Structures are given as C-alpha cells and as structure tokens.
Amino acid sequence: MPVLRCARFVSQGSLGMSESVHAELPSAYRMNGVVVAAQDFTNAACDPQHSVVVEACAGSGKTWLLVARMLRLLLAGAAPSELLAITFTRKAAQEMRERLLELLHDLALQPDAKVRQLLLERGIAQHDLAQVLPAARDLYERVLASPQSLSIDTFHSWFARLLQIAPLASGVPHGYALTEKTGELLADAYLRFMQSLNDEENSQVRQDLLALYQLVGDFSTRKLLNAFIDKRAEWWAVIQQGVDAPLQWLRELCGEDAEIDARLSLWDDEKLLSQVKQIAWLLGQGSATNQKRATAIEMALTAGAAVVNFDALCHQFFDDAGKPRSNGKAKDLLKALENSLGGNALDAFDAQFDATGDTLKLLRKRSHERTVLSLNQHLFSVGNAYLECYQALKAEQRVFDFADLEWQAYRLLTNPESAAYLQSRLDTRYKHILLDEFQDTNPLQWSIVRAWLSAYGEDAGQPSVFVVGDPKQSIYRFRRAEPRVFEAARTLLQQQGATVLQANQTRRNATAIVDVLNASFYANPLFSAQTTLGEVGGEVWRLPLIQQADDETEQQPQGLRNPLTTAREESEDARRRDEGRQLAQALWRARQELTVRQEHGDRSLRWSDVMLLVKKRSHLGAYESALRAAGIPFMSDKRGGLLESLEISDLIALLTFLITPDDARALGHVLKSPIFGASDDDLIALAQRGERGWWARLRAASANADAAPALQRATALLEQWLQAAPRLPVHDLLDVILHQGQLLARYAQAASPLSRSQAIGNIETFVELALNMDAGRYPSLPKFIDALRGLQNAAGGDAPDEASIDAATDAVRILTVHSAKGLEAPVVVLLDANHSKPARDDYGILCDWPQDAEAPLHFSAFGSSAERGAARDPLFAAEEGFKTQEDWNLLYVATTRAKQLLIVSGVAGRSGGVTEDSWYARLEHVLETSFDAVAEHASATGSVQRFEQEIFDPPQMPPAESVIAATFDSEAIAEGIALHGLLERVTQHGHWPIVLPEAATIARWLPCPPALAKQVRRQAQTILGQAELEHFFNPAMHLHARNEMEIIADNAVLRFDRVVIFEEEVWILDYKRNLLDSERAAYAAQLRSYRQAAQGVFGDKRLRTALLTVDGRLSEID
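Letter 1003 of the sequence shown, counting from 1, is numbered 1003 in UniProt numbering, and no numbers are missing.
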C-alpha cells in the first residue's frame, strides 16, 4: 500500500506570516527561555531538588514526564506518602497510577541493561547508575509495602481529604455524600423556592422576581437564575466583602448613567449640540431630501430633552440596524460643503456625520445602565434566595456538589482560624506536589493551592512543586477553567526559584500535520511553532464545502408525504447528510491507500483507527445516517442520550401505557415497536374499529380467532403486565417484561448489524438504571416515569448515557472535541468545520477574577447585547477575547489528535462560501481534495446477511399448587403502596384544605383497581380529616414538610414517609395499616434508628417519631 504524501499548500496571502515561521527552525525545547537539548530538558524536569513548571505541546509526553518525576523523587528518598499528585479526572489519576506501577515493575524485573536504559532516559547520570540501580530494583516492593499509599487524586477528592482533616472547622456534617448529578436537586430546589414566595417574610423576593419577569420574561429569568447558581462559588467569594459589594461595584462602574438617562444629556452637551446643528445647516443647503433631513434634525433638537425626540434624531443618522444614512452627492450639498469644509469636503462631512451617529449610538447604549442596575439588583436578591433553598435542600439530604467542596476547601485555607492547623497537617504529610493538566484549573482551585504555598513565605520547608500543562489545550471554560491561571502559577513559582521549561516537540503528529499547524496558527497568540518526532509524511485533506442545491425544491417528491414510510427532512439535515456521504467516500479512499505505522510492522487501516470530531452533537443523526448507508460501522459519543434512543423510547412508551392504558399514542408506539412487531395494516385495522379507546379495540380484536398473532400476543402480555405494574418495584417489573417479552432476542433480530450491540446494551443499561435510581425503591411506576422526565429536562447533565459497547469493536468513533482530549488516532476528521464559531451568550453572569486576585473584582448579570449598557464594554471585550482564544484551543486539540491523516470537512455558509474565521477558513490554505465515487464498498454493504435468532416461546404451564404463608398478605402490601402513593401525591404541593379526587381518578393516578382506589381514598380522608393531625399537613401550621425523605446512615438508605419541621421540633411520621401489640418492639427499634440518623441533619431540634395508621390514630413511639 502506498504511503501518504506530504500535505501541499496553496500560495495565498494568508501564508505570508507562515513563511516567516518556516524561515526560522522552531526550537523544540527551552529552559528559562534558552534553547536546550532534549536530554537537558528531561534532566531539569526530573530534578528532585527544584520546583519545575512545564508547558508542553500536545503529544509531547506530559504524563511520561510526570511519572518520571515521581520516580526520581522516590529514588531521592521521598516516601510514597509524601507525594501528592493531582489531576482532573479519575481516569487520568488511574492512568497515572498504572503507568508509575508499570514502570516500577519493569525496574524490578527487567534485565540490568534495560533498567539502566530506563534510568538514563529519566535523567540519572551515567556515573550514578551503579549506586541507583539497587534502589530502583527495590522501589516496586517499597511502594507496595508502604503503610500509606501514594496520593494520586483528582482536585475534588483532595478537597474532600482537606475537609476530613479539619471536620469541625469545615462545618461539614459527618457522612455527607458527593453528588455529580445536580439537575434533580436544582429542580426540587426551584420548586421549594417558588413555594416559599408565598411566605410573608419573602414578599420582597417575590416582588424582585416579578420585576425580573417584567424586565426579561419568565424563560430568560430562569436562564439567569441557573447561570447564577453555576457561579455560586464566585458569588460566595464576592460577598465575603459584603453582600452589597457587587451591586456597589456596578453602581460605581456605571457612574451617573445609573441615575440619569444618558440620552437626555445630549441637550446639555454644547459641543455635541453645535456639531449636530452644523450638520443640519449643511444639509439644509443641499437637495430637497437633504433639506427634509435637516428640518427633522432641527425639529428634534428644538422639541427639547425627551426620549422620543432623541429617537427621532437618531432616525436621521442611522437606520434600525445601526447602518449610517446616506446623504447623496447633490450639487448644492457639495458646493455648501466645499465652502464650509474646503477640499475633500464630502469625505470629511461623511466622517463627521458617521462620527456623530456613533456618538448618538453610544448615548443610547449608555441609557441602558439603569436597566442593567435594576436587573442585577433584582437578580442578586432572587438568586441569593434560590441559592439558599438549594443549599438547604442539599444539607437535608446530606449531599455536596463539586462547587461546595471547592468553596469549603478555599474557606479552610484562607480563614486564619483554620488555616494554621490545616497547614501544619499538610506540612507533616506532603513534601512534593505534582499538578497535571494545570491549564484546566479554575481561579478558586488556584486560590486554594496558592494559599497553601504562599503560607510558607521564605520557609525552606516548602514542598517542591511540579506543574505541567498546556494553555493551548484549555477548553473547559464552561466548567470555569481559566487558562490565565497557568500563567499566574508560572510567575509565582518562577519568583520562588522554579525552573520554567517549554516543549514544542510532539511525538504524535506526522510532519505534514505539523506543517499545517505551523502555517495555520500564526494568529494564535499562545502558539509556538512545533517540531515532530512523528513519521515523515502524512497528509491533510480539505474536502469541498457542501453547497445548498439551487433546485432543491424541484427535487422534492410530488404529492403528500407518507409519514409512515418517509421521514421529514430539514434542509440543514440534508446538507449534513451530503457532507457525511462525501466523507464516507474519503474514508473508503483512506482505507484503500493508508498504511498504519506500528512498532512491529505496518498494517492496513481499520475502521477503529478513524476518529470523527464534532464541536456539538446537533447533526449527529445526519452523519450517522450517511455512514450507515455507506456500510461504515461507527460508535457515537451520545452522552446523556440513553433516554432518547429508540429502544428505550419503546420501553418508556410501554411503561407509560401501563400507567395510563387510555394513552392511544403510547399503545400504538409499543405495538409497532419490536416488542410486539405489529404491522401498519394491524394498526390501521385497530384505528378503524368502533370501540372507545385503543386498548378496548385491541382486546376486542384479539378475541377474534383470525386476529393477527402479534396483536394476540400483545394483548396477553399487556394484560399480565397491567396486573403486575402496581405491585412490583420498577426494576422487577422490567425484569418480568424483558423475560416474558423476550425483548433482548427480539431487538437483536430487529436491529441492524451496526447497531445491534448498542441496542441490547442500552436495554440492559436501562434496567440497571431502574435499580440504581432511588435504590430501586420507587413506590409507584408514575414516580419513576416522572423521575425519567426530570432527568431528560434537568440542567446539570443528569441524563444517563447510552451503554458503552466493546471498545475493541472495529468501528469509527464519533466524539466531541472535548471528549477526544487525551486521545489520538491515525485518521482524524473535523466535521462541520465551517460552522465552528462559539455560541452567542444572550443571558448569563459576567465574572472577572484576575489570576492574582483573592476574589472576583466584578460580578454582574447581563441580558441581550442591545441592553448591556456601555460601562462594562471592556469586560465584555475581554470575555470575547477569552472565547476566541478557547476556539483556537479547541481547533488545536482537534487537529493534534491526528497521527497520520487529518481530514477537514464542512457545509457552506449562508453566502455559499467559507465562513470568516471558521476552522475551515483557518485551514483553507490546504489544497482542496476531491474524490471520484468509490465503488469498492458496495459489495460490503450488500453482503450483510440477515440476522436470525430463534425465539423460544414455550406454552404457559399452570402454576404449581402451593400454600401461601399466613404472614404474606399481598392485598395488604398493595393497599400500603397505594396509600403511600396517594398521600404523597396530594400533599406534595402544600395546599390546604386537601380535596381528594374521585376514586376513578385515583385508580388512574396510581394505577390500581377501582376497589382499591375507593379503599385508600377512605383511609386518606380519615387521616386528613382528623383535627389533631392538621398541623402535619396544613403548610400554614409548620415551617416545612417533605415526603419520602432519604438519609444515608451506616451505608444504608433510610426513607421517612413524611418529615414535618416546626420551630422547636421535627416529627418523622411513618404510615402503617395498623399497629399490633406484637409489632410495637420492632417499630420502636425502627423509629429509634430513624431518630439517630436524623440527629445529624436536625441536630438543633427535638426529634419525635410516630406511626400514623389508616384509622387516623397517631401513636408516638420514643
């Protein structure tokens, strides 16, 4: 097979700077700004006697260097427990640990020659080998036998350790759990917050919320509140200087514009008035059109200071889009201009006219400062109240999120009362700190590390520090990462004597790819020209942009579209599908031509050698469709996509039907799915029947002997599942459905070969999800479905991911750029590269936290760009600069994943060409590559054999006769579950008095048989009708109440049926059918455990527990 050619470049003006890049050979390694050899670089990085900061490009071996540093520290005598290595993900921490242990294993067991080579590569001098070799041989055993293990943690796990060191000072309750999923918590907190607005003490917050609705609307208010919660750590840091500090900063920044409408200042500005009047006079000498404009200007000025007059004046200078008005070139106007302004008068007048218009625009922009101040004043009030509800909810559930960990660690190390103790504990443990991927650090994390290091001053006992990262790869600003922090760390450590190293040599990318990098990134201020030790050759293909077809409408089929056979296709999806088809041709060509280099010989390209990168997942479906049609297997990175997959949508529709059998759409969905496999004719026949409701029609149709087998099977199974649904936990119900319905076999048969393993994996993941969610203890199926909807709609990325299928599968990987960081592949494709600009932020929080500051210096909310005022323009300009830099960083990360072949693909912009400053534009100097249709894969797609799996469907056997134990009462269990579900539902919204619905409605709610619904309705009416129990259910008589509250104690989950909080005490109520004397001892022990578990949550209140039985009796048990 041929080796790929070197990339070729178009000679364009844009390459003028790249020529200067190539004129000077890039320096591979620098130490303190001086060019050094590779071995000198490694020696300095691994030197255990000095702190080191390493800035290293992608593929340069940063992890190798960090592990080598750890080895040198251990060889220098450091105990394993004295090393603290911190990175950002558990996966990275695990990889670091594995690579260190693998190295130590090799040092222990490899021949002496190999061990000497390993030590030389890591900076051990030749003359020291004899002395070091025995110690190196013993390291593996020494580390494994160490009573205190190596500390290789993520930032957040280390913060958790800090809280454990000083639990009293941290104020963190014992036994808290760390949660990564916050969407459901936020939804619950928002509901509680909205309910709290009815309280009299929150009347001001309610007024502020109504004011926000008036300013920006309901939807945008919610966006602003979510943004406020996302920045809660920064908010806490700001209000340490006073809760009014951020608003005062904003008021000072806006100046008098915060009090006075800047538009009206026009009439007090004599210079500007004179300038406008001169323009009007000159226009008055021109044509009739000019004179009309002059008159309008004079009328607006003479009408006096008013907003309507200012707007009328602006209308004469520019249109609604801000475009300057044209004044033409009438002879009379030209003559007047020449008499007044002299030579080149028209240009001078136009410049003066436009400058005056710009001044008016600035006044209009400044006039929004009052709105800006009002928006922030109301948001800070509402946001702080919402945040308090969120924090209170987490405290009740004894959970922390990542922001809590960061803030508590920051507070401990910056508070003089706790910092000294914590510092002494850290001093006795850690002597060497290693920080990986430091470009992803946020200002708060850096402040924590800096507080620790700064406390030493000139103390010689300060731990050595090794920082490694690459600001060019900082791509996590949405997680509050700040690349300027790397610069701050470098400056601080350099002042303390650290060695600063820079590596610009990669071991990953082929020469052609590095040449493209050096030619394309000259405008990136963080980029330095790179060299490579990768293979000589490689190639970069820039595919033609996909154009919008001019005759697209003519190609549409005539007549109505059949929605059962033809999906609706949007124009954008069609163009992305065309892009996918073109890419498929390129991939087949690469598969024919490319030879993959390996250490033990070359081999042909596999599909798993190809990585497709997208910036966002919007058009994944179109790309997948094109790959599927071309016979190319693929795996998609559909994070959070489990509940959107087809097979899980089928299962959710089935569960929905089991809750509401009258849901015709859910039933039709299930019948058509592989669960039952009904045909279109079967569904049409059901639609034409006369019975009321589809379920009734299905049952009636199945009663006929000639009914379709699929419908008969569906009726029999659905009857069984409807009976089981109210009585079984959700996980058990799904287990029954899977086995009775033979779902795995049926989906394996229905799915295509490329998606079969994914479909089966998703079903198994969904069943596992039912077990894991709420420990599988949902009292009713409706609550489980509501929880799934919450996962789909909640913020915080709570939606579950699709199943991870075998990584060894020979399939193309489709990933986002963020997901691909740290990975590499022989072939990498940049999809949709012509639409790569960052999304616009319409509403959010503007926070300025300089890397050297102890806390943010600015914190404010912003709305649409037209209403942001002018005072914060420098901050917004800086923010745009950061976004532009991150866009460069994303492109750098994406291109440097490629080892041998980089393919760039895109769709034409609205104008039909290249979008300015897009990724495609930055790589446009690469010669365009096009391919003729590749036919070699046609046989591959046509030769796929149909998958057949025999489905064993044995006849139903009669159940064996058995004696039911007297202690097992299924009716009592069903009654208890139904009563719990009903009381939870009618009390969750905090209304009083509670009006119970009719039994028929309750039967649909739960669901349960009508007779059971009547029974639990009577029981609930009895409980809610007791005057002595009203204070437990009337929200006006208690502070707060919560149903189904969970507390984790001794690694077990305890669930309280209802918790009611009063001023001085907390009641924990447990619903029971009855209370027998023989059961009192057991219930007393149960409620005692409840009180012990709740003590940590409600430590300042008296705890009381009671059983509430269906006859309305309250039995307090101590």
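Note that CB positions come from ideal geometry on N, CA and C, so glycine has one too. No experiment lies behind these values; they were computed from the predicted model shown.
Item checked: residue 767, DSSP secondary structure in three states -> Position 767 of the sequence shown, counting from 1, holds the residue named residue 767. Residue state, collapsed to three classes: helix.
Next item on the list: Return helix, strand or coil for residue 229, following the three-state DSSP convention.
Entry: Your numbering for residue 229 matches position 229 in the sequence shown. Helix.
Checklist line | Alpha carbon of residue 325 to alpha carbon of residue 293, nearest angstrom | finding: Here the question's residue 325 lines up with position 325 in the sequence shown. Here the question's residue 293 lines up with position 293 in the sequence shown. Taking the straight line from one Cα to the other gives about 10 Å.
Next item on the list: Could you tell me the distance, in whole angstroms, from the CA atom of residue 652 to the CA atom of residue 811?
Entry: Here residue 652 is taken as the residue at index 652 of the sequence shown, counted from 1. Here residue 811 is taken as the residue at index 811 of the sequence shown, counted from 1. One alpha carbon belongs to residue 652, the other to residue 811, and they sit about 29 Å apart.
Item checked: Per DSSP, cross-strand counterpart(s) of residue 902 -> Translated into positions along the sequence shown, residue 902 becomes position 902. 540, 828, per the DSSP bridge assignment.
Checklist line | Bridge partner(s) assigned by DSSP for residue 277 | finding: Taking the sequence shown and counting its residues from 1, one reaches residue 277 at position 277. Answer by DSSP bridge pairing: none, since residue 277 is not bridged.
Check: From what residue to what residue does the beta strand (DSSP E) around residue 1062 run?
Finding: Along the sequence shown, read from residue 1 onward, the residue named residue 1062 stands at position 1062. Neither: residue 1062 is in no beta strand (DSSP E) and is coded neither H nor E.
Next item on the list: Determine the contact status of residue 30 and residue 502, defining contact as a CB-CB distance below 8 Å.
Entry: Taking the sequence shown and counting its residues from 1, one reaches residue 30 at position 30. Taking the sequence shown and counting its residues from 1, one reaches residue 502 at position 502. Against a cut-off of 8 Å, the Cβ pair of residue 502 and residue 30 comes out as a contact.
Item checked: Same chain only: Cβ atoms within 6 Å of residue 898, ignoring 5 sequence neighbours per side -> Position 898 of the sequence shown, counting from 1, holds the residue named residue 898. Correct list, in chain order: 513, 828.
Next item on the list: Could you work out which residue in 1099, 1111, 1117 is closest to residue 1086 when comparing CA atoms only?
Entry: Locating residue 1086 in the sequence shown gives position 1086, where the first residue counts as 1. Checked all of 1099, 1111, 1117; the closest Cα to residue 1086 is 1117.
Next item on the list: Give the single residue among 240, 283, 250, 393 whose Cα lies nearest to the Cα of residue 193.
Entry: The residue given as residue 193 occupies position 193 in the sequence shown. Comparing Cα positions, the closest option is 393.
Next item on the list: Give me the Cα-Cα distance between residue 860 and residue 400, rounded to the nearest whole angstrom.
Entry: The sequence position of residue 860 within the sequence shown is 860, counting from 1. The sequence position of residue 400 within the sequence shown is 400, counting from 1. Whole-angstrom Cα-Cα distance: 26 Å.
Note to self: Tell me the rounded alpha-carbon separation between residue 771 and residue 765.
What the structure shows: Residue 771 sits at position 771 when you count from the first residue of the sequence shown. Residue 765 sits at position 765 when you count from the first residue of the sequence shown. Roughly 10 Å between the two C-alpha positions.
Notebook entry, point to check: Taking C-beta to C-beta, are residue 667 and residue 676 nearer than 8 Å?
Noted result: Within the sequence shown, the letter at position 667 stands for residue 667. Within the sequence shown, the letter at position 676 stands for residue 676. Not a contact, by the Cβ cut-off of 8 Å.
Checklist line | Burial state of residue 356 (16 or more Cβ within 10 Å) | finding: On the sequence shown, residue 356 is found 356 positions in, with the first residue counted as 1. The residue is buried, with at least 16 neighbouring Cβ atoms inside 10 Å.
Check: Using DSSP with H/G/I as helix, E/B as strand and the rest coil, what is residue 858?
Finding: Taking the sequence shown and counting its residues from 1, the one referred to as residue 858 is at position 858. DSSP places residue 858 in strand when its eight states are reduced to three.
Checklist line | Classification of residue 443 by the beta-carbon crowding that lies within 10 angstroms, buried from 16 upward | finding: Sequence index remark: in the sequence shown, residue 443 carries index 443 (1-based). Buried, by the Cβ-count rule.
Item checked: Backbone secondary structure at residue 486 - three-state DSSP -> Position 486 of the sequence shown, counted from the start, is the residue given in the question as residue 486. If DSSP states are grouped into helix, strand and coil, residue 486 belongs with the helices.
Checklist line | residue 156, buried or exposed, once every other Cβ within 10 Å from all chains shown has been counted against 16 | finding: Start at 1 with the first residue of the sequence shown, and residue 156 comes out as number 156. Buried is the call here.
Check: Start and end of the alpha helix (DSSP H) containing residue 423?
Finding: Along the sequence shown, read from residue 1 onward, the residue named residue 423 stands at position 423. 416 to 429 is the extent of the alpha helix (DSSP H) around residue 423.
Check: Taking the Cβ atom as the reference point for each residue, do residue 60 and residue 364 lie within a distance shorter than 8 Å?
Finding: On the sequence shown, position 60 is the one that residue 60 refers to. On the sequence shown, position 364 is the one that residue 364 refers to. Contact flag unset, no.
Next item on the list: Given a cut-off of 8 Å, decide if residue 1069 and residue 1185 are closer than it, judged by their beta-carbon atoms.
Entry: The structure shown does not extend to residue 1185, since the chain spans only 1 to 1118, so no value can be given for it.
Notebook entry, point to check: How long is the line joining the alpha carbons of residue 726 and residue 974, rounded to whole angstroms?
Noted result: Walking along the sequence shown from the start, residue 726 turns up at place 726. Walking along the sequence shown from the start, residue 974 turns up at place 974. Approximately 7 Å between the Cα atoms of the pair.
Item checked: Distance between residue 1080 and residue 1100 (C-alpha atoms, nearest Å) -> Residue numbering aside, residue 1100 sits at position 1100 when the sequence shown is read from its first letter. Residue numbering aside, residue 1080 sits at position 1080 when the sequence shown is read from its first letter. Looking at the two C-alpha atoms, the distance is approximately 28 Å.
Check: Is residue 433 helix, strand or coil when you go by DSSP?
Finding: Numbered from 1 along the sequence shown, position 433 holds the residue referred to as residue 433. Strand, per DSSP.
Next item on the list: Evaluate residue 1067 with the Cβ neighbour count: other Cβ atoms within 10 Å of its Cβ, from every protein chain shown; 16 or more gives buried, anything less gives exposed.
Entry: As a working mapping, residue 1067 is identified with position 1067 in the sequence shown. It counts as buried.
Next item on the list: Counting only the same chain and skipping the five closest in sequence on each side, list residues whose C-beta sits under 6 Å from that of residue 995.
Entry: In the sequence shown, counting from the first residue as 1, residue 995 sits at position 995. Contacts found: none.
Item checked: Coil, strand or helix - residue 1117 by DSSP -> For the purposes of this step, residue 1117 is taken as residue 1117 along the sequence shown, with counting starting at 1. Coil.
Note to self: Using the three-state DSSP reduction, which class does residue 521 fall into: helix, strand or coil?
What the structure shows: In the sequence shown, counting from the first residue as 1, residue 521 sits at position 521. Residue 521 falls in the coil class under three-state DSSP.
Check: Are the stretch 712 to 730 and the stretch 746 to 753 touching, with three or more C-beta to C-beta distances below 8 Å?
Finding: no
Next item on the list: Could you have a look at residue 456 and say whether DSSP puts it in helix, strand or coil?
Entry: Within the sequence shown, numbered from 1, the residue matching residue 456 stands at position 456. In this structure, residue 456 counts as coil in the three-state DSSP scheme.
Next item on the list: Express the C-alpha separation of residue 880 and residue 846 in angstroms, rounding to a whole number.
Entry: Your numbering for residue 846 matches position 846 in the sequence shown. Your numbering for residue 880 matches position 880 in the sequence shown. So the alpha carbons of these two residues sit roughly 11 Å apart.
Check: Which same chain residues, not among the five before or five after residue 978, have their C-beta less than 6 Å away from its C-beta?
Finding: The residue you call residue 978 lines up with position 978 of the sequence shown. For residue 978, where only same-chain residues beyond five positions count, the Cβ hits under 6 Å are 1006, 1008, 1012, 1016.
Notebook entry, point to check: How big is the Cα-Cα spacing for residue 8 and residue 544?
Noted result: Your numbering for residue 8 matches position 8 in the sequence shown. Your numbering for residue 544 matches position 544 in the sequence shown. At residue 8, the pLDDT of 33 sits below 50, so the modelled position is not reliable and the matter cannot be decided from this model.
Checklist line | CA nearest to the CA of residue 1000, picked from 255, 790, 1046, 982 | finding: Position 1000 of the sequence shown, counting from 1, holds the residue named residue 1000. Per the Cα distances, 982.
Item checked: Segments of 3+ residues assigned as beta strand (DSSP E) that fall wholly inside the stretch 576 to 643 -> 610 to 614, 634 to 636
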